[in-house]
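Peer 1:
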Amino acid sequence: MATTQIETVQTGADKAKLAAAVLLLLGSLVAFYMLARQGTWVQWGVLLVGMAAAVAVFAVSESGKRLYGFGRDAWREVRKVVWPTRKEAIQMTAYVFAFAVIMALFLWVTDKTLEWFFYDLLLGWKK
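Residues 6 to 132 in the numbering used here are what the sequence shown lists, from first letter to last.
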C-alpha cells in the first residue's frame, strides 16, 4: 500500500505573507475602480503595480516556492517528452478523422436499418 505525504504545517509568517498577497491583490482591484476619474494610465498603473507586489509577496511564501518548484519540475518533464514529427502528427490526425467518418457512416447505416425494420416491416408505417 502506497503512502502519500501531506504537508499541512504552515508558519504564522507564511500565513501572514499569503494574507498580505491577497490584500494587495484586492487593494489593487479596488484602487483600479476607485481611480476611474484619474485616467486610464493611472488606473492600469496602480492595478499592475499592485498585482506585481502581490505576486512578489506570494513568491517569497512557502506556497509560492512550492509552486515555482512544481513549475520548474513540470518544465523539466516537458523537455523529456519525445514529440511526434510533423509527418506522424498529420498521419495520426488523418487516422482520427477517418475513424470518425467510418463510425458516422456505420451509425447512420445502423439507424436507417433499424428504422426500416421497425417502421416499415414490423409496424407497417410507411413514410
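Beta carbons: idealized from backbone N, C-alpha and C, even for Gly. Please read these numbers as outputs of a predicted model, since none were measured by experiment.
1) Buried or exposed: PHE111, going by 16 or more other Cβ atoms within 10 Å of its Cβ?
2) So ALA21 is in the alpha helix (DSSP H); what residue range does that whole segment cover?
3) Where does GLY129 sit, in a helix, a strand or coil, going by DSSP?
4) Can you look up LEU66 in the DSSP assignment and give me helix, strand or coil?
5) Since GLY55 and PHE63 should fall inside the 8 Å C-beta cutoff, what is the C-beta to C-beta distance between them, to a whole number of angstroms?
Peer 2: Taking the structure as given:
1) Exposed is the call here.
2) 17 to 39
3) coil
4) A small correction: the amino acid at residue 66 is Ser; Leu does not occupy that position in the sequence shown. The answer is coil: DSSP assigns SER66 none of H, G, I, E or B.
5) The Cβ separation is near 13 Å, so there is no contact.
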